[in-house]
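Report on the structure given below.
Numbering (full-length UniProt numbering), first residue to last: 1 to 328.
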C-alpha cells in the first residue's frame, strides 16, 4: 500500500482523509506492507497516528506488517544523502511511526545497530538505479537489498520488465518493488491527480490526451483503464518472480473505496493455488496474500485489451517522462 496518496502532491487536504480507517481496512483485506516517504508530507505523520491508534495496535503487532520509507529527498529539487542527514531522517521516521525499527529504507530518487532491516534505493531512471546497485556491490561487497522503480512497469512504459529486472537480478538485488502502476494517475478515466501543490504530473499534453482516448476505448469494452492497468502491472510482476528474486506491486491509496477497488482488481487477475481447506472457509473473504498465482483465463482475456491500449498510445508507448516529447 503506497502512502503518496496521503500527501500534498496528490491531495489538496490529506489531513481530511480517513487514514486510520484505510489502514485498518487494508490489514483486514490482507495488505501488510506500507511504503511512504518524508517527502510525501504529511504521509508519515498520518500513517504513524493511524498505526499507533488502539483499534489497530491492539489487533496487529509491529511484526505483522512491513514498514518502508525513504531518505534523501527533502523537496522537489533538494536532496541530502549525507550520513548525518540520513541518521536524522531515519530517527525522525522512527519517532513519527512510534517504532523501534523500519523494515526497509530507500534512498529516495537516486539519479546506511538493528534500526533498519533492509536497505534499498528508489527512483525512475532504470539505468541510474542499475548503476547505483552495481556500484554499491563493488564498493561494499554486498548488494542493495531492494530496488523500488516507479512508473516503469505499466501499460504505457514496461522498461522495468524489458531490461531492468534482469539487470537488478544480476546485480544481486533480491526484491524489486514496482510502484505507480497507473503512472501517477495517468492511466485512469479522471486524468492525472492535482493536489495542494498544483499540477505536477510530468506527462506532456499529448500523452495525457492519448491516455484519455485509451480510457474511453476501455470503457466501451465494459472495463476500466485503471483496473486494466493495475491488472497488467500485478500480473507482469508475478510472472517475473523467480526463486530468490521477488517482484511486487505498490498501489496508491487515497480512500477506502480506492483500497477495496484495488484489492478487488488484484483478485480478478490472481487466484489461490490452494483451495480453502473446509467448506466453511468458502464463505469467508480470503485475504489478498492467499492469492498467489495468476488466473490464466483472465490473463488471456486481458491480452487483447493490453494490446489495443498500447496501440492507442502509439508514439507515446514507452515514452520516458525524463525524455523530450516525440514529434509527429
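No residue lacks a Cβ here, since even glycine has one placed at the ideal position from N, Cα and C.
Checklist entry - Looking only at DSSP bridge pairs, what is residue 315 linked to? => result Residue 315 pairs with nothing; no bridge assigned.
Checklist entry - Just the Cα atoms here: how many angstroms apart are residue 150 and residue 58? => result 33 Å
Item to check | Reduced DSSP secondary structure (H/G/I, E/B, other) of residue 95 | outcome: helix
Checklist entry - Is residue 45 near the ligand COA, with its Cβ less than 6 Å from a heavy atom? => result The ligand COA is absent from the structure shown, which contains no ligands of any kind.
Next on the checklist: If the criterion is Cβ atoms closer than 7 Å, does the pair residue 120 and residue 146 meet it?
Outcome noted: yes
Item to check | Cβ-based burial, residue 78 [other Cβ within 10 Å; buried from 16] | outcome: exposed
Next on the checklist: Our contact map puts residue 189 next to residue 226 with C-beta atoms below 8 Å; I'd like the distance itself, whole angstroms only.
Outcome noted: 7 Å
Next on the checklist: Do residue 231 and residue 302 count as a contact pair if the criterion is CB distance below 7 Å?
Outcome noted: yes
Next on the checklist: Mapping the DSSP letters down to three states, classify residue 149 as helix, strand or coil.
Outcome noted: strand
Item to check | Cβ pair residue 339, residue 173 closer than 7 Å | outcome: Examination of residue 339 is not possible in this model, given that the chain is present from 1 through 328 alone.
Next on the checklist: Using C-beta distances below 8 Å, list every residue in its chain close to residue 111, excluding the 5 sequence neighbours before and after it, in chain order.
Outcome noted: Low per-residue confidence applies at residue 111: pLDDT is 49, beneath 50, and the placement is therefore not dependable, though the value from the model is reported in the following sentence. The residues are 123, 124, 125 and 128.
Checklist entry - Measuring CA to CA, which of 76, 90, 91 and 72 is closest to residue 82? => result 72
Checklist entry - What residue ranges within the UniProt domain "NADP-dependent oxidoreductase" (114–268) form continuous alpha helix (DSSP H) runs of no fewer than 4 residues, ordered along the chain? => result 126–140, 165–170, 205–220 and 225–239
Next on the checklist: If contacts are defined as beta-carbon pairs under 8 Å, then residue 248 and residue 233 qualify, I think. What distance do you get, rounded to the angstrom?
Outcome noted: That belief does not hold up - the Cβ atoms of residue 248 and residue 233 are roughly 10 Å apart, past 8 Å.
Item to check | Range of the contiguous alpha helix (DSSP H) that encloses residue 6 | outcome: No alpha helix (DSSP H) contains residue 6, which DSSP labels as neither H nor E.
Checklist entry - Apart from the five residues just before and just after residue 196, which ones in its own chain have a Cβ nearer than 6 Å to its Cβ? => result 8 and 12
Item to check | residue 26 and residue 259 closer than 7 Å at C-beta | outcome: yes
Item to check | Nearest residue (CA-CA) to residue 241, options 136, 293, 159 and 114 | outcome: 293
Checklist entry - Shortest alpha-carbon distance to residue 307 belongs to which of 286, 156 and 45? => result 156
Item to check | Backbone secondary structure at residue 69 - three-state DSSP | outcome: strand
Next on the checklist: On a Cα-Cα basis, can you pick out the residue from 221, 51 and 118 that is closest to residue 176?
Outcome noted: 118
Checklist entry - Does DSSP classify residue 78 as helix, strand or coil? => result strand
Checklist entry - Just the Cα atoms here: how many angstroms apart are residue 275 and residue 296? => result 16 Å
Item to check | Minimum C-alpha distance to residue 273 - residue among 285, 191 and 289 | outcome: 289
Item to check | Same chain, Cβ closer than 8 Å to residue 219, five either side skipped, listed in chain order | outcome: 189 and 225
Item to check | Contact check, residue 221 vs residue 167, beta carbons under 7 Å | outcome: no
Checklist entry - So who's on the other strand from residue 88, going by DSSP bridges? => result Bridge partners of residue 88: none, in fact.
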